[in-house]
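Undergrad: Please read through the structure below; I'll follow up with questions.
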Amino acid sequence: MSTSWAVVTGASGGLGETYAHELASQGSDVVLVARSENELHRVAIEIERAHGVRAMVLVADLSDSADRARLLERLAELDVHTLVNNAGFGTMGQFASLPAERLTAEMQLNVVALTELTRTLVPRMVERGRGAVINVASTAAFQPIPGMAVYAATKSYVLRLSIALWAELHSSGVRVVCICPGPTRTNFFDNAGDGSVMSRRREPIQVVASTFEALEQHRPYVVDGFWNKVLAHSNRLVPSALAARIAQRVATAP
Numbered sequence: 001m002s003t004s005w006a007v008v009t010g011a012s013g014g015l016g017e018t019y020a021h022e023l024a025s026q027g028s029d030v031v032l033v034a035r036s037e038n039e040l041h042r043v044a045i046e047i048e049r050a051h052g053v054r055a056m057v058l059v060a061d062l063s064d065s066a067d068r069a070r071l072l073e074r075l076a077e078l079d080v081h082t083l084v085n086n087a088g089f090g091t092m093g094q095f096a097s098l099p100a101e102r103l104t105a106e107m108q109l110n111v112v113a114l115t116e117l118t119r120t121l122v123p124r125m126v127e128r129g130r131g132a133v134i135n136v137a138s139t140a141a142f143q144p145i146p147g148m149a150v151y152a153a154t155k156s157y158v159l160r161l162s163i164a165l166w167a168e169l170h171s172s173g174v175r176v177v178c179i180c181p182g183p184t185r186t187n188f189f190d191n192a193g194d195g196s197v198m199s200r201r202r203e204p205i206q207v208v209a210s211t212f213e214a215l216e217q218h219r220p221y222v223v224d225g226f227w228n229k230v231l232a233h234s235n236r237l238v239p240s241a242l243a244a245r246i247a248q249r250v251a252t253a254p
C-alpha cells in the first residue's frame with residue numbers, strides 16, 4: 001500500500017471533490033481538507049468505495065491561523081506528492097460597504113493559506129525530486145473586477161505566484177500549474193452573494209481535465225474553456241479603465 005498522499009483543500013464539494021476523485025482514480029491516496037466535517041466524510045466514503053484507495057479527513061478552517069498551524073503540523077508528517085490548493089471564496093459587493101472581517105478571511109484563505117501550504121510541502125517534494133502543485137485561480141486573475149475587488153486581487157496573486165514557482169522549480173522534478181476557470185457549476189456564486197449571475201457555466205470535470213492536461217504538458221497556467229481564454233486575454237488589448245468597466249458588467253450579468 002502506498003504511503004504517499006495527494007492533499008486537496010476545499011474537498012467537501014464542487015471542484016475540490018472532483019479533484020479528489022480524479023486523483024483517487026489515478027491510484028492516489030487522498031487527504032481531504034475543508035471545514036465541513038460531514039461532507040468530508042461523505043466524500044471520503046464515496047472515494048474509498050469507488051477507487052479502492054485511502055481517504056483521510058482533516059477538518060480545518062484555513063482562514064483561521066490556529067487551524068492552519070495545526071493542519072500544517074499534521075501534513076508535515078506525511079509524504080505528500082501532490083497539493084491541490086483549491087479552497088477559496090469570493091465576495092460580491094462594494095468594497096467600502098463589505099464587512100472587513102469577511103474580506104480579511106477571504107485574503108487569509110485565498111492568499112495566506114495557499115502560500116503557507118505550498119511553502120510547507122514543496123521543500124520535501126524538491127528533496128525527492130518529484131511532486132506537483134495545482135493552484136486554483138480564476139479568469140478574475142486577469143483583470144480588476146469592481147464589485148469583486150478583493151477576490152480578483154487574490155486570484156491575481158495566485159496566478160503570479162504560480163508562474164514564478166513554475167520557473168523556480170522547472171528543473172527540480174516538481175511541477176506547478178495554475179488553473180484559471182471561468183464560471184463553473186459549483187456553489188461559488190451562491191456563497192459569494194448572488195447565485196443568479198454568470199449562469200453559463202462549465203462543469204467541474206471539464207476544469208479538472210484542463211488542469212491535468214496542462215500539468216502533463218508542464219505548462220505554468222491554463223485558462224479552462226475557449227471563450228474563457230478569449231475573454232481573459234482580451235484585456236491586454238484595451239485600456240485598464242475600460243477593462244475594469246467591462247469586467248464589472250460581465251460579473252453582474254445573468
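Going by the numbering used here, the letters in the sequence shown line up with residues 1 to 254, in that order.
Glycine included, C-beta positions come from ideal geometry on N, C-alpha and C.
1. Tell me where the alpha helix (DSSP H) around Ile145 begins and ends.
2. Where does Thr3 sit, in a helix, a strand or coil, going by DSSP?
3. Closest to Gly93 by CA distance: which of Pro123, Val53 and Val150 is it?
4. So if DSSP puts Thr120 in a beta bridge, which residue, or which two residues, is it bridged to?
5. Let me know if His81 comes out buried or exposed under the rule of 16 or more other beta-carbons within 10 Å of its beta-carbon.
6. For the alpha helix (DSSP H) holding Thr211, just list the boundary residues, first then last.
7. Going by the DSSP bridge assignment, what does Leu296 pair with across the sheet?
8. Taking the alpha-carbon positions, what's the Phe188 to Arg102 distance?
9. Using 8 Å as the threshold, is the segment 44-57 in touch with the segment 100-116, meaning 3 or more CB pairs across them?
10. Can you look up Thr91 in the DSSP assignment and give me helix, strand or coil?
11. Using the C-alpha atoms, what's the distance from Ala66 back to Ala76?
12. Out of curiosity, what's the CA-to-CA distance linking Ile47 and Thr18?
13. Among the residues of its own chain, which have a CB less than 7 Å from the CB of Ser25, if the five just before and after it don't count?
TA: So, from the data block:
1. It is not in any alpha helix (DSSP H) - Ile145 carries neither H nor E in the DSSP assignment.
2. coil
3. Val150
4. DSSP output for Thr120 lists no bridge partner at all.
5. buried
6. Pro204 to Glu216
7. Residue 296 lies beyond the stretch modelled for the chain, which goes from 1 to 254, so this question has no answer here.
8. 15 Å
9. no
10. coil
11. 16 Å
12. 10 Å
13. His51
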